[in-house]
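Chains as they are written, first to last, in numbering that gives the first Met the number 0: chain A, 0 to 457; chain B, 0 to 457. Even glycine gets a Cβ: it sits at the ideal position worked out from N, Cα and C. Because the structure is a prediction, the values reported are computed rather than measured.
There are 2 protein chains.
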Amino acid sequence: MTAADKPGEDIQKEVLKKIKPSDEEKRKLFMVVDELLEKATDTARKMDIDIGRAMLVGSAARGTWISGTHDLDIFISFPEETSREELEESGLLISREIAKDAEAFEERYAEHPYLNMRYRGFDVDLVPCFAVNSASCIKSAVDRTPFHNSFVKEHIDELQDEVLLLKQLMKGTGVYGSELRTQGFSGYLAELLIIHYGSFKDVVSDACEWKPGMVIDLLGHGTAKHEEPLVVVDPTDPGRNVAAALSVDKFARFIEICRSYLDRPSLEFFFPKPQKPLNDDEISGIIEERGSSFLAIVFKTPDLVEDVLYPQLDKMEISVKALLEQYEFTVINSGTWSGEDSVVVIELLSSALPLVKKHHGPPIWVRDHSQGFRSKYEGADETFALYIEDGRYVADIRRKFPTAREVLENRLTDCSMGKQLSKAVKKEHMILENKQLCNIRDADFRVFMRKWQKNGIP
Amino acid sequence: MTAADKPGEDIQKEVLKKIKPSDEEKRKLFMVVDELLEKATDTARKMDIDIGRAMLVGSAARGTWISGTHDLDIFISFPEETSREELEESGLLISREIAKDAEAFEERYAEHPYLNMRYRGFDVDLVPCFAVNSASCIKSAVDRTPFHNSFVKEHIDELQDEVLLLKQLMKGTGVYGSELRTQGFSGYLAELLIIHYGSFKDVVSDACEWKPGMVIDLLGHGTAKHEEPLVVVDPTDPGRNVAAALSVDKFARFIEICRSYLDRPSLEFFFPKPQKPLNDDEISGIIEERGSSFLAIVFKTPDLVEDVLYPQLDKMEISVKALLEQYEFTVINSGTWSGEDSVVVIELLSSALPLVKKHHGPPIWVRDHSQGFRSKYEGADETFALYIEDGRYVADIRRKFPTAREVLENRLTDCSMGKQLSKAVKKEHMILENKQLCNIRDADFRVFMRKWQKNGIP
């Protein structure tokens, strides 16, 4: 071990102390799991429903869960020939029966309905799936999970601690999670990286040199071409990229994190200090110092699952930026935040433009169009000047919306932003400018605003 | 004659009354010409210099001069085998001798030295040239003129009046003159258009349909491909485009003039009312109403011939615009004017930008560069924020020059603007902003500023 490795090793040990489940924690977890699996099998039998088996999947099953996480994924697998309706119906029947002993439960909907419950302190999902023969011929998205489970269990050897370290680094730095809100690394992806590289240290030092187009193919069986920055071929399905959800920015961010960590390893990468919300003075100070113009569109967050909400927020952000740019405002930065309310924040070079706007007409030699343009603008009230430039008519005219606020007030609801968001915005929204952003009191929003502050990158 | 032609015909008759030289004017002109030609021949003989002959060229020679113009071009042609030095020397010797009877004279320099004099009320150029066999093997640019002269004289028939009308229309609307200041139609070009189309009316009605790429080849002998919007192949030189100096804007403007004239013919096209200089209130009013920012760079006009001055002014205008755009200012319009002082006027969307400026760095995976960028901007005083966007580092930094004035004060002299202009600007210049433009008292400048007013196009 070199001297340079030493500080990292110490820190990693300290991290593991905090995140590795104790024997007591493990014992308790598997007790609950055994109980649930038994209940599932018993219930199916009593109801005379033909299930393949009930099984634990996910990080709990693989020994890669972080201490204190109390998530259990119990899959109830049905024979492949079961109809979709039967699977859904029987899955729910069994789940509801089990949930009778739960502290609380609710039925949720992904591709199939499933049941989520609070059970003896654990957050349990009871999910029906088809028992297919291979991950490449699944009938439902969740059917893949048991295959992932088997592969990881077979190959993880003694590397669970390494997975824990990598997951915690990703969590601490905000790149963990493959859902659409985060677009980062999934747990399965972290596990595959550890299996491929053999250790936390080797993932981190190799990632420093990653470039888009990086391909990791553990079994050398990849069949498809992928466009994503990182490609990790699924060992259980040669056509699939496990890192498909990873955005280019989270990919870049992870590279940066690895470099910084190797350079100056510290506990903060794993357990960052919580960021303090900005107070009014700090928000005003940022806006004043930059000298740019801030706009915030605020509206009540519609009741949607995150994987529906966040893509609609992204769509709205892009579309509002495009709208403002169409009206010649220059966007510097933007961002979205969502809590009880949702907010799209746009930073503009300026939120006011001069009244004059240059309007390019057709070339003189396109006779009809150019004469039409001329007669429309010549001597019109809205025209400041009409002239020829590069062979075309140009009219300097009165700008319709000289402020960004006016653009939003008149055109915001034309923006494409997804069905539910569009409805929420149409129902009611506020437009705040500059220091009015202080009217948003939510502490988490005020942490989000740190994006506009000096120390954006740890 | 159709009813529609009638008003035009009346107007054209009225125009001709004003611009067609009277018999008395013609008599007087040719008396002076005869006298000058005789003097030239006599002087050469006395000095024992071998000249081919002295001849009148230009519009006076072709009967296409506008009444009141008193310009005479006398060419003294030397045998082709004469050396360049000998031509220049002998040309000047003969010219100086003739100029002894002039009211005033000065020696001027184009490709060759020549003599300009005030002689019995006429503005006379005495120009030495080589008597070459064909316009396609000239030794000096002026050698072409005698060929043009012969061609027009041979083909003009009785069309002099038509030429006069076309020239006056071009003069009245600002498209006459092929010098670099105007980039419009030369007299020879106007003559060829009349010879080709047969009448003023037919030029005007055909020009309404011109498009870039229009080719007129009277003798069908053109040999070269030209990029200019209008190509009129020189009947005396198949490789040359007589309309080479015509800019796309003057081409478009002429098309527009012809359409407007046919639509509503009026004397004003030929004899426009002189435009009144704007007063202080009008200048301030324009600037205030548009809401944009005006900047003027004012400096003493260097002593240069127009064909050198105007290209340098154009170059300066382009280069100042590029400079301001490099610093993220948005140029709406610009223009140059030159009198005793020269002025470059720039209209900006805004002359002030916020302090924050978005500075794009390298992609994260270009390790050396991206780490260099990060260590330069991370925590630096000038940095507002550092973050990753589209896989690249971006730093929001403090803008070096947040006003256009600061850009000009610090970088103007780096602009490429031609040798003499550069010297003049470096020696001394003023930067005026918005209403300070009223400090420029020159009446002609205040007419030029009408460019920013409603009625730019007659």
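| Check | Outcome |
| --- | --- |
| Got a sec? Which residues, its chain only, sit under 6 Å from B:TYR252 by beta carbon, not counting five neighbours each side? | With the sequence shown as reference, residue 252 of chain B is identified as Arg, and Tyr is not the correct amino acid for it. VAL174, listed in sequence order. |
| Whole-angstrom Cβ separation of B:PHE74 and B:PRO145, contact assumed at under 8 Å? | 6 Å |
| How many angstroms separate the CA atom of B:PRO127 from the CA atom of B:LYS99? | 18 Å |
| Is DSSP giving A:SER341 helix, strand or coil here? | strand |
| How many angstroms separate the CA atom of B:VAL232 from the CA atom of B:THR222? | 9 Å |
| Would you kindly check if the distance between the Cβ of A:ARG410 and the Cβ of A:LEU352 is under 8 Å? | no |
| Does chain B have any CB closer than 8 Å to the CB of A:GLN419? | no |
| Can you tell me the Cα-Cα spacing of A:ALA140 and A:GLU110, whole angstroms? | 7 Å |
| Are the CB atoms of A:ILE282 and A:MET448 within a distance shorter than 8 Å? | yes |
| Using a cut-off of 7 Å between C-beta atoms, extract the partners of A:TRP451 located in chain B. | ALA384 |
| Quick one: does A:PHE293 have its CB under 8 Å from some CB of chain B? | no |
| List the residues of chain B whose Cβ lies closer than 8 Å to the Cβ of A:TRP209, in chain order. | TRP364 |
| In terms of alpha-carbon separation, which member of B:VAL297, B:GLU178, B:ALA394, B:ALA295 lies closest to B:HIS359? | B:ALA394 |
| Rounded to the nearest angstrom, how far is the Cβ of B:TYR113 from that of B:ARG107, given a contact under 8 Å? | 6 Å |
| Would you decide whether B:CYS257 is buried or exposed? Buried here means 16 or more other CB atoms lie within 10 Å of its CB. | buried |
| I'd like the list of long-range same chain contacts for A:PHE444, defined as Cβ closer than 7 Å, with 5 residues on each side in sequence excluded. | TRP336, GLY338, VAL342 |
| Measure from the alpha carbon of B:LEU385 to the alpha carbon of each residue in B:VAL406, B:ALA403, B:THR40, B:ILE363, then state which is nearest. | B:ILE363 |
| Between the stretch 342-360 of chain B and chain A, which residues of the former have CB atoms less than 7 Å from a CB of the latter, in chain order? | LEU348, SER349, LEU352, PRO353, LEU354, VAL355, LYS357 |
| Over the uninterrupted beta strand (DSSP E) stretch that includes A:ARG398, give me the two end residues. | Segment: none, A:ARG398 is in no beta strand (DSSP E) and carries neither H nor E. |
| Tell me the DSSP bridge mates of B:ARG117? | B:ALA103, B:ASP122 |
| Which class does A:LEU158 belong to by DSSP, given the choice of helix, strand or coil? | coil |
| Is B:VAL123 buried or exposed, if buried means 16 or more other CB atoms sit within 10 Å of its CB? | buried |
| Apart from the five residues on each side of it in sequence, which residues of its chain come closer than 7 Å, Cβ to Cβ, to A:LEU28? | ALA59 |
| Around the Cβ of B:PRO273, are there at least 16 other Cβ atoms within 10 angstroms (buried) or fewer (exposed)? | exposed |
| Hey, how far is the Cα of B:LEU163 from the Cα of B:LYS200? | 12 Å |
| Scan the stretch 234-255 of chain B for residues whose Cβ lies nearer than 8 Å to a Cβ of chain A and list them as they occur along the chain. | VAL247, ASP248, PHE250, ALA251, ARG252, ILE254, GLU255 |
| Which residue comes first and which comes last in the beta strand (DSSP E) that contains A:VAL307? | No beta strand (DSSP E) holds A:VAL307; the alpha helix (DSSP H) holding it covers 305-325. |
| Mind listing the chain A neighbours of B:ASP389? Cutoff is C-beta to C-beta under 9 Å, in chain order. | VAL247, ASP248, ALA251 |
| Is there a Cβ from chain A that is less than 8 Å from the Cβ of B:GLU288? | yes |
| Using the three-state DSSP reduction, which class does A:LEU294 fall into: helix, strand or coil? | strand |
| Just to check my reading of the structure: B:HIS147 and B:TYR187 have Cβ atoms closer than 8 Å, yes? What is that Cβ distance to the nearest angstrom? | 5 Å |
| Would you kindly check if the distance between the Cβ of B:TRP209 and the Cβ of B:LEU191 is under 8 Å? | no |
| Straight-line CA distance for A:ASP72 to A:THR172? | 25 Å |
| Keeping to the same chain, check which residues put their C-beta closer than 7 Å to that of A:ALA458; ignore five residues upstream and five downstream. | Outside the displayed span of chain A (0 to 457) sits residue 458 of chain A, for which this structure offers no information. |
| From what residue to what residue does the beta strand (DSSP E) around B:GLU204 run? | Note that residue 204 of chain B is Ser in the sequence shown, not Glu. Where B:SER204 is concerned, there is no enclosing beta strand (DSSP E), although the alpha helix (DSSP H) it sits in stretches over 199-206. |
| Pull up the distance between the alpha-carbon of B:MET0 and that of B:GLU8, whole angstroms please. | The predicted model places B:MET0 with a pLDDT of 43, which falls under 50 and marks its position as unreliable, so this point remains unresolved. |
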